[in-house]
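For the record, the sequence lines run as chains A and B.
Start counting the first sequence at 1; every next residue gets the next number (our numbering).
Start counting the second sequence at 1001; every next residue gets the next number (our numbering).
Below is one structure, written out as structure tokens, with a few remarks after it.
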Amino acid sequence: MIRIVLADDHQIVRQGLRKIIDAEEGLSVIAEASDGIETIKIVEETVPDVLVVDLMMPGLNGLAVIRQIVQRVEQTQIVVLSMHADDAYVLTALRTGAIAYVLKDSPSGDLLEAIRRAAVGRRYLSAPLSERAMEAYVEKAKSSALDPYELLTPREQEILQLTAEGNTSTQIAERLSISPRTVEKHRSNMMSKLDLHVQADVVRYAIHRGIISSDLT
Amino acid sequence: MSDIDVDEPRPLNGAVSSRLLIATVVVAVIVFLGDLLVPLGIAGGVLYVVAVLLALWLPPLYVYGFAGACTVLTVVGYFASLEGGDLLIDLANRVVAVFAIWVVAILGLHRRKLSETVHRHGQIIDQVQDAVITVDMDGIIDYWNKGAESVFGYSAREIVGQSVRILYASEDAEVVRPAVLDRLIAQGSAELETKGVRQNGEVIVIRQWLLLRRDEGYEPAGVIFQASDVTRRREVEKAATRMEAFYQNVLDELPIQVAIFDSEGRFLYLNPASLSIPERRAWIIGRTEREYFEHVGRNVHLAEERDSYRRQAIAERAKVTYEEEFETRSGERRSYAHGFFPVFGADGKLDKVLGFRYDITDHKRTAWALQESLARLKAIVDTAGDGILTIDGDGIVESCNQAAQRLFGFEPTEAIGRHIDTLIARGGGEEGKGFYEEHLTKIVSTSTPEIGEFAGLKKDGAAFPVEVATSKLRLNDQPLFTAIVRDLSNRKRAERALLRYNERLEAFRQMDQAILTASSTKAVASVAVDHLARLVPAAVVCIALFDTAEDVASVLSVQCEGRSSGESSASIRSFLGAAEESEVEEHISRACIQGHVVLAQNGSQSGSDLGSIVAIPLVVKDTVIGMLKLEARSGAQFGSEDLDIAREVAGVLAIAINDARLFEEVDASRERMQALSHRLVEVQEQERRLIARELHDEIGQALTGLKFSLENLEKHSGLQTVEQIEESRRITLQLLARVRDLSLDLRPAMLDDLGLLPALLWLADRYSKQTGVEVRFKHSGLDGRLDPDIETAAYRIVQEALTNVARHAGRAQAEILLIASAETLIARVRDDGAGFDLKEVLDRKNSSGLSGMYERASLLGGTLSIETERGRGTTVAAEFPLTADETMEMPS
């Protein structure tokens, strides 16, 4: 018998779930909780096999609840039942300590399957979610090593090139039909973004980046 | 002349003549006695002749004396002698004798005189150095004097009787003779110079005067030669001529003007330096200077002046020099040294006068200049404002100028001879050592003066500050010090005043600066009070603003004996210490008129208008907004300078306080505005959050519940209903999805739950799916959570920018760049789409999207920049400042 605690702030959702779970063999809802703090209290008291928890709850949000329970009650496996199908949520929930993630709009069979797997310590994700999608998201959410050159606006990139080619502010201004003061402003922005200090640095950087070829000098 | 008898009687010298006299007398007496005793008869008288003859060697008087005596004796003898003969014959005899005596005496004397003359002439001729030679008409020499012997070398014995020709050089002898003789015969004398030959063959130049000698019949009997050897003289003369030529040359070339005048002042010579034009020079010879001046039309006065000096030189028989100044015709003033030098001949008579003149203008000018510069130097020293002293090596004052006398209060010359230590007190240093020992003797350098400040001592002993520049120099190997003494009293006073003024200015400047940077009226007042307490000797400085309507004086800042205390308030009446309400108005109006009002006097000085408690109004636009109150320390009064300072401060203060007040008002309203606008955004977000949560949680959950119950129903129902239920469930799901989208559009819960990065990643994903715009997402440093306001703002800005891309950029690529560092968060959205004219869009003023972005960034202290141009894409960049505590650990 898998002992289950349901945590959702909506009575109607809890009722619906309880009917579905109780109808199954070997599954039993032993307690319900309607907010985060209550959830923690009940789980600590009852130590269920599986906690089905909504991520959105008043008082203490689902993620915080998961963190607390993972720390305090090791035996209880956590199944997240959420409306959020977003990878970010899924990943965060899994990282926080949930073992399964079930979308509320997926067929109820998914949840039962998830509870069964969770009870034996196996991961479960609802149909639209997959491990691969998770990995892709992790990849996307990883900080990209930013090239400071990327920070430059197109204007600043132009001015970098023209400056490196040896043009004066006035020449650049004429070329781009803007005022020399604007050129100066762009150039000082460009140099501070690239952490360059003198004209020679600009030329060196431009050569290094292949913006101008070194035999120009 | 050859028959001159050298034995002719001549007067003898004394001893011989007295013996002769005795002998003569004896002879005369013997003859007389003989006559008496032996009648001598006729012969008797004649014997006297012997005596007379003897007497001829005596002086003529004796001769006549003897002749007379013999005559008397003869007469006496006639009567006294023994008669022997015929008396008559005897008488006749005796007459003859007397006659004979007298004839002998007279003739003898005459003869003697003649012979004496001849003898003397012969002696003279012999004495003469010239040769005197006489020859007969045949040229045979018959006389040859000693001079001739020395001239020609022959003695008289050798040459007399020989022809005169041997004396001449052969070539001259023949030529000269006939011509000379003819001339001699015609003229009686001739003068010529020929060459002669001496006995030793030496040829000499002889100058000779020839005189024709005639015999009694006036026939030429011979020639007398007077000849002299002029060889030497001629040589000398030749040399002299050469010398003269030389001198002439010298004179001609001499740059000094030289003229030679005769005794009458006529020019004998004039060198070219005197008169350059040869014609004029020629003309002037023989004329006087005056004549020349008249001739050339110059003022003769100068010539007369020169004449007078020339005459003076002649009269004094000595050189006379003087300086002559005149203007040249070109008007230039020139100076000359002029002199006359009389030259006297051997006879002592004036021969000529040498005049000389040379230009000394330059010399004079130098002298004048020197004199002038000396005078000027003296004048400078005397008129110098600084005292100038010279001090000898022992410290004794040698000289001092007028300024020094004034400075030390001395009469002229009184300071001289004093020791310098009595004038200048030593400046510190060892005890017992004066200025001299301490300072003067230590001067080593002789080039740069040493400057120090000392105390000067007036004659009456009063001390005053002086600056002394001392230098050492050596004069005639003696050390000499010069001290230039400057009275520093005025300067010190001025320095102090300047320093005070400077302090005041600096304080004002600081105050102005502080007031300008102070933002609140309280800060302004406190700065002003601080500075004023330093500038004015006040015990209490107090600034209060008046609210006349409420009769409240709110004290902004008080400083009491260096301690500041904060705000308080009182009634205006008590602030001013007025007894009556009417007094308050009186004080204020007086303060406005006078610029200050005295609230209390100290002690008996009630006549003074500077009191011990003074209030100065703070006036802005003719309204007294408050007052600055100063209380003097007990027993003290404020000076007019203090009041000036206080008034100036009050002037600045009034404006600053007014500005600060306005600033505070503006600031307050701006803050209100900002708070309002912030609140607006917050409310909007709150609203959206509520609605989103409502949609999501309530409606969404209800639908979820509905869905589960439908599923339950499905399990326990028949087939037909199953289809119906299935339909209901599908609709429910659609509804659910729609509600979720709506909720997310309003405000993604993810932003609150998971933070900015997940929310934006989700947004970008959804955006790409919805619009087909490809989005590249780059981020860095966003591992933690940020301030929720900033997260919201950044999210909204990116959202808006992406919306704009989809709306305007056409088919494009977009790039989101998100960088968080410790200090800033940069969110940038860039597209390569069509771009737009930013100015135009902003000017339209209906672009709530763009202005909303600006607003959100600026509310959080950030900046937003939009860089775009038609055809060049658009870059929207927002930058938010982060403070350290705004990044929180991401729950993990």
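We treat Cβ as the ideally placed atom computed from N, Cα and C, and that holds for glycine.
Pick from the options: whose alpha carbon is nearest that of residue i?
| i | options | result |
| --- | --- | --- |
| B:GLY1265 | B:ARG1234, B:ARG1157, B:LEU1354, B:GLY1222 | B:LEU1354 |
| B:GLY1147 | B:ALA1156, B:ILE1141, B:THR1422, B:LYS1707 | B:ALA1156 |
| A:ASP9 | A:ARG72, A:GLU45, A:ASP22, A:VAL53 | A:VAL53 |
| B:ASN1502 | B:ILE1645, B:LEU1407, B:PHE1546, B:ILE1204 | B:ILE1645 |
| A:ARG14 | A:GLN77, A:THR46, A:SER82 | A:SER82 |
| B:SER1780 | B:VAL1555, B:LEU1751, B:LEU1756 | B:LEU1756 |
| B:ILE1140 | B:TYR1854, B:VAL1223, B:LEU1020 | B:VAL1223 |
| B:ILE1424 | B:ASN1401, B:GLY1395, B:GLU1323, B:GLN1402 | B:GLY1395 |
| B:VAL977 | B:ARG1474, B:ASP1477, B:ASP1487 | No statement about residue 977 of chain B is possible, as the shown extent of chain B runs from 1001 to 1892 and does not include it. |
| B:GLU1437 | B:HIS1419, B:ALA1190, B:ARG1563 | B:HIS1419 |
| B:GLY1595 | B:GLY1577, B:ASP1182, B:GLY1188, B:SER1640 | B:SER1640 |
| A:SER130 | A:ALA88, A:GLN11, A:LYS185 | A:ALA88 |
| B:VAL1540 | B:GLN1601, B:SER1634, B:CYS1592, B:PHE1454 | B:SER1634 |
Under the rule that 16 or more other beta-carbon atoms within 10 Å means buried, what is residue i, buried or exposed?
| i | result |
| --- | --- |
| B:VAL1666 | exposed |
| B:PHE1246 | exposed |
| A:MET1 | exposed |
| B:GLY1429 | Confidence at B:GLY1429 is low in this model, with a pLDDT of 44, below 50, so its placement is unreliable and no value can be given for it. |
| B:ASN1299 | exposed |
| B:ALA1379 | exposed |
| B:ILE1004 | The predicted position of B:ILE1004 is uncertain, since its pLDDT is 41 and thus under 50; no value can be drawn from it. |
| B:TRP1057 | buried |
| B:HIS1716 | exposed |
| B:VAL1236 | exposed |
Return no unless some Cβ of chain A is closer than 8 Å to the Cβ of residue i.
| i | result |
| --- | --- |
| B:GLY1750 | Before going on, a small fix: residue 1750 of chain B reads as Met here, not Gly. Yes, B:MET1750 counts as interfacial toward chain A. |
| B:ASN1712 | yes |
| B:LEU1568 | Looking at the sequence shown, residue 1568 of chain B is not Leu but Ser. Not one chain A Cβ lies under 8 Å of B:SER1568. |
| B:ILE1819 | yes |
| B:HIS1808 | no |
| B:SER1780 | yes |
| B:GLN1686 | no |
| B:SER1728 | no |
In three-state DSSP terms, what is residue i?
| i | result |
| --- | --- |
| B:TYR1795 | helix |
| A:PRO148 | helix |
| B:ALA1801 | helix |
| B:TRP1057 | coil |
| B:GLU1253 | helix |
| B:ASP1142 | strand |
| B:VAL1095 | helix |
| B:MET1890 | In this prediction, B:MET1890 has a pLDDT of 42, which is less than 50 and means its spatial position is unreliable; nothing more can be read from the coordinates. |
| B:PHE1326 | strand |
Along the chain, where does the alpha helix (DSSP H) that runs through residue i open and close?
| i | result |
| --- | --- |
| B:GLY1068 | 1060–1080 |
| A:MET134 | 131–141 |
| B:THR1422 | Segment: none, B:THR1422 is in no alpha helix (DSSP H) and carries neither H nor E. |
| B:ARG1828 | B:ARG1828 -> not in any alpha helix (DSSP H); beta strand (DSSP E) instead, spanning 1824–1831. |
Are any of the Cβ atoms in chain B nearer than 8 Å to that of residue i?
| i | result |
| --- | --- |
| A:HIS10 | yes |
| A:LYS19 | yes |
| A:ARG72 | no |
| A:VAL241 | Nothing can be reported for residue 241 of chain A: it is not among the residues displayed for chain A, which extend from 1 to 217. |
| A:ASP195 | no |
| A:LEU63 | yes |
| A:ALA88 | yes |
| A:LYS185 | no |
| A:ALA141 | yes |
| A:MET83 | yes |
| A:THR182 | no |
| A:PRO128 | no |
Cβ-heavy atom distance between residue i and the ligand HEM below 7 Å?
| i | result |
| --- | --- |
| B:ASP1783 | With respect to the ligand HEM, the structure offers nothing, as it holds no ligand at all. |
What are the boundary residues of the beta strand (DSSP E) that includes residue i?
| i | result |
| --- | --- |
| B:LYS1629 | 1623–1632 |
| B:THR1194 | 1189–1197 |
| B:LYS1472 | 1463–1475 |
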